[in-house]
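Down below is the structure, laid out as structure tokens.
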Amino acid sequence: MEVALQVQDITVRYGGFTALDQIRLELARHTTLGLVGESGSGKSTLARVIAGLITPDEGQLLLGAEPLGKKRSKAQHKQIQMIFQNPDSSLNPRHTVRQILAEALLFHRIVERSQVERRSKELLSRVQLDAKSLDRYPHEFSGGQRQRIAIARALSVEPSLLIADEPTSALDVSVQRSVLELFHTLQAELNLTMLFISHDLGVIHAVSDTVAVMRQGQLVEVNSKDEFFVRPQHEYSRELLSAVPKMPQY
Amino acid sequence: MTIQPVLELEELTLAAPSTEILVNSISFSLERGESLGLVGESGSGKSLTLRAILGLLPRGVEQTGGVVRSKVSSAMVFQDPRGALDPLCPVVKQLTEVVYYRQRTSLKAARRIALELLERLGLPASLKTKDRYPGQLSGGQCQRVVIALALACKPGILLCDEPTTALDVTVQRQIIDTITSLQQELGFAMVFVTHNLAIAANLCSRLVVMKQGRIIEQGETHSLLRHPAEAYTQMLMDSVLPLPELEGGGVSWK
Ligand SMILES: Nc1ncnc2c1ncn2[C@@H]1O[C@H](COP(=O)(O)OP(=O)(O)OP(=O)(O)O)[C@@H](O)[C@H]1O
Ligand SMILES: Nc1ncnc2c1ncn2[C@@H]1O[C@H](COP(=O)(O)OP(=O)(O)OP(=O)(O)O)[C@@H](O)[C@H]1O
Ligand SMILES: [Mg+2]
Ligand SMILES: [Mg+2]
Chain G
1 MEVALQVQDI
11 TVRYGGFTAL
21 DQIRLELARH
31 TTLGLVGESG
41 SGKSTLARVI
51 AGLITPDEGQ
61 LLLGAEPLGK
71 KRSKAQHKQI
81 QMIFQNPDSS
91 LNPRHTVRQI
101 LAEALLFHRI
111 VERSQVERRS
121 KELLSRVQLD
131 AKSLDRYPHE
141 FSGGQRQRIA
151 IARALSVEPS
161 LLIADEPTSA
171 LDVSVQRSVL
181 ELFHTLQAEL
191 NLTMLFISHD
201 LGVIHAVSDT
211 VAVMRQGQLV
221 EVNSKDEFFV
231 RPQHEYSREL
241 LSAVPKMPQY
Chain F
1 MTIQPVLELE
11 ELTLAAPSTE
21 ILVNSISFSL
31 ERGESLGLVG
41 ESGSGKSLTL
51 RAILGLLPRG
61 VEQTGGVVRS
71 KVSSAMVFQD
81 PRGALDPLCP
91 VVKQLTEVVY
101 YRQRTSLKAA
111 RRIALELLER
121 LGLPASLKTK
131 DRYPGQLSGG
141 QCQRVVIALA
151 LACKPGILLC
161 DEPTTALDVT
171 VQRQIIDTIT
181 SLQQELGFAM
191 VFVTHNLAIA
201 ANLCSRLVVM
211 KQGRIIEQGE
221 THSLLRHPAE
231 AYTQMLMDSV
241 LPLPELEGGG
251 VSWK
């Protein structure tokens, strides 16, 4: 199996606090790795290291065979896109949705200027937003709608690795399902490899091929999805799985 | 029923001047000590409804019709705990100030009440001797502080807007258990907004289902879930994603 990304002994410290402790992980090409774990265990920190937003104190990253250095090229930046827990951090509040999408499309030369409008509308319809949304500003949307705009923006540059940090936690279940289906379709169409972080184990089950579990800065389990949900190896994984709220059975 | 509701919404309508109606003539009521679940699709108006109850509508949104009648005060727990805390003020100090102003006690008594609340919410005992900034607490701990801040106002109604979506499921469960036991003890009523119908079903005795700014269905939780009148409600139920059975079982929800 071809490896899309290798995380090699990554350590990150915030002052004296070790947020990531020698993380070693591989992402197989065209698969989705679901990352779960304790609040504050370092999942977002790992995502930020991979996206190039944090320089690790130790360890290195390989994208394919290429090491990702401190300063990434424009092409390397395009290859790895991230959707954040909080959509507001990736949406400029002073730009309309039209400007937000156009900027990404033009900066990475995804389409000609004349095609920007058409592509922007396509992207919006993929995330089930009306074309009328183009002229509105982020604050005029609900939380879930803003997250869909952020997803459209990240997908617009056609990355090879998509990191999604809690992308659906602000979405209600009906939209969540359609966004998950969207991820499936796009994964096939754009040959995406995904790192998908979520506290919702139902979502992780729906999207992942492999599941990784973090606790206190360490990776405590990496397992195939089917094994993880039925026979987790680590006691903490079992604790997580038994705390999932369930629908009453009538 | 002869019980007086603590909150009544009668044909509440909210709109932004430039756009269409956002919340359209919704009515429901809440009894003392009751937990009501507000569920519905993204953008259906759940957060705006809570804000109208709190009397704090965002800029550009106005109440254009109906009434909100409430005999008691309300306090709100927001989805993003870090955003609701002052990052530059240590948490015990923040809570002490709220107790001092809202409960009109002496500063010394306020601090004692604050520490008691934090302890009851399961925050580290070390806060007594060494206060911490929000950035030095985990997301789950911050959310407990936010709940303490809301409870320090001694609200008759606690409004919760997706308070646990950002937290891992073990912490989510601890917080929901904490809210439930405090509710039994203190007797406040609660409106709980969530997109997770499984949480709503476990926590709330009544459900209100919203779609595009309107209430499409409401009723007692179990009869509503047993016989949903609307296909939309059924769809919400069906889309709670199933998990395979854990081998060897686990501790289950009540
Ligand atoms: N800039 C920072 N300075 C100091 N500590 C930080 C900083 N950012 C994060 N931390 C700490 O590092 C740890 C890991 O944080 P991170 O955000 O990666 O956790 P997470 O697993 O994403 O949690 P959650 O599930 O709540 O999103 C936490 O204890 C957090 O308090
Ligand atoms: N300040 C505002 N100005 C104009 N429209 C707004 C404003 N705030 C919210 N809206 C609109 O009002 C509608 C209801 O928003 P609200 O935030 O109440 O939705 P919600 O049910 O909480 O959704 P979510 O589950 O995504 O948080 C949405 O269509 C949104 O676009
Ligand atoms: Mg995180
Ligand atoms: Mg909302």
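These protein sequence lines map, in sequence, to chains G and F.
For the first sequence, counting from 1, position 38 maps to 38 in full-length UniProt numbering; every step adds exactly one.
For the second sequence, counting from 1, position 220 maps to 220 in full-length UniProt numbering; every step adds exactly one.
A virtual CB, placed ideally from N, CA and C, is assigned to each residue, including glycine.
Keep in mind the model is a prediction, meaning the values are calculated, not measured.
Check, Outcome
"Name the chain F residues whose beta carbon is nearer than 7 Å to that of residue 183 of chain G?", "Neighbours of residue 183 of chain G on chain F: none; closest Cβ ~14 Å, over 7 Å."
"May I ask you to report which of helix, strand or coil DSSP gives residue 128 of chain G?", "coil"
"Since residue 25 of chain G contacts residue 222 of chain G with CB under 8 Å, what's their CB separation in whole angstroms?", "7 Å"
"Please tell me whether residue 91 of chain G has its Cβ less than 8 Å away from any Cβ of chain F.", "no"
"Where in the stretch 154-207 of chain F do unbroken runs of the beta strand (DSSP E), each at least 3 residues long, occur, reported from the N-terminal end onward?", "157-161, 189-193"
"For residue 254 of chain F and residue 202 of chain F, I'd like the C-alpha separation in whole angstroms.", "Bear in mind that a pLDDT of 46 at residue 254 of chain F, under 50, signals an unreliable position, so the number given afterwards is only what the model happens to contain. Roughly 7 Å separates the two Cα atoms."
"Going along the stretch 197-223 of chain F in order, which residues come within less than 8 Å of chain C, judged by CB to CB distance?", "As a matter of chain content, chain C is missing from the structure shown, whose protein chains are G and F."
"Go through its chain and collect everything with a Cβ distance to residue 62 of chain F's Cβ below 8 Å, but skip five positions before and after it.", "14, 15, 16, 17"
"Within 10 angstroms of its Cβ, does residue 75 of chain F collect 16 or more other Cβ (buried), or is it exposed?", "buried"
"Relative to ligand 2, is the shortest distance from any of its heavy atoms to the C-beta of residue 144 of chain G smaller than 7 Å?", "yes"
"Considering Cα atoms alone, identify which of G:50, G:85, G:47 is closest to residue 139 of chain F.", "G:85"
"DSSP three-state call for residue 14 of chain G: helix, strand or coil?", "strand"
"Residues in the stretch 85-118 of chain G with C-beta within 9 Å of chain F's C-beta atoms, listed in sequence order?", "85, 86"
"With DSSP collapsed to three states, give me the class of residue 43 of chain G.", "helix"
"Using the Cα positions of residue 188 of chain F and residue 33 of chain F, report the straight-line distance between them to the nearest angstrom.", "5 Å"
"So within the stretch 226-251 of chain F, which uninterrupted beta strand (DSSP E) runs reach at least 3 residues, ignoring any that extend past its ends?", "none"
"Would you call residue 2 of chain G buried or exposed, if buried means 16 or more other Cβ atoms sit within 10 Å of its Cβ?", "exposed"
"Are the C-beta atoms of residue 254 of chain F and some chain G residue less than 8 Å apart?", "In this prediction, residue 254 of chain F scores a pLDDT of 46, lower than 50, which makes its location untrustworthy; the coordinate-derived value is nonetheless stated afterwards. Cβ-Cβ to chain G under 8 Å: no for residue 254 of chain F."
"Please classify residue 132 of chain G as buried or exposed, where buried requires at least 16 neighbouring CB atoms within 10 angstroms.", "exposed"
"Per DSSP, what kind of secondary structure is residue 177 of chain G in: helix, strand or coil?", "helix"
"To the nearest angstrom, how far is it from the Cα of residue 69 of chain G to the Cα of residue 32 of chain G?", "24 Å"
"From this set, F:163, F:230, F:51, F:114, which residue's C-alpha is nearest residue 90 of chain F's C-alpha?", "F:114"
"Out of G:141, G:104, G:225, which has the shortest C-alpha to C-alpha gap to residue 19 of chain F?", "G:141"
"Is residue 207 of chain G helix, strand or coil by DSSP?", "helix"
"Between residue 19 of chain G and ligand 1, is there a pair consisting of the residue's CB and a ligand heavy atom that are separated by less than 7 Å?", "yes"
"On the criterion of 16 or more Cβ atoms from any shown chain inside 10 Å, does residue 161 of chain F qualify as buried, or is it exposed?", "buried"
"Taking all protein chains shown into account, decide if residue 183 of chain G is buried (16 or more other Cβ within 10 angstroms of its Cβ) or exposed.", "buried"
"Just to confirm the assignment, what range does the beta strand (DSSP E) spanning residue 139 of chain F have?", "Per DSSP, residue 139 of chain F belongs to no beta strand (DSSP E); it is in the alpha helix (DSSP H), 139-152."
"Nearer than 7 Å: is that true of the beta carbon of residue 59 of chain F relative to any heavy atom of ligand 2?", "yes"
"Who are the Cβ neighbours of residue 91 of chain G in its own chain at under 7 Å, not counting the five residues just before and after it?", "100, 138, 146, 149, 150"
"Classify residue 254 of chain F as helix, strand or coil using the three-state DSSP reduction.", "In this predicted model, residue 254 of chain F has a pLDDT of only 46, less than 50, meaning its place in the structure is not dependable; the value taken from the coordinates is given anyway. Three-state DSSP puts residue 254 of chain F in coil, outside helix and strand."
"Buried or exposed for residue 129 of chain F, going by 16 or more other Cβ atoms inside 10 Å?", "exposed"
"Using a Cβ-Cβ cut-off of less than 7 Å, list which residues of the stretch 216-241 of chain G approach chain F; keep chain order.", "229, 230, 231, 238, 239, 240, 241"
"Within the 8 Å Cβ cut-off, does residue 256 of chain G reach chain F?", "With chain G covering 1 to 250 only, the question about residue 256 of chain G has no answer from this structure."
"Against chain F, with Cβ distances strictly below 8 Å, would residue 248 of chain G count as a contact?", "yes"
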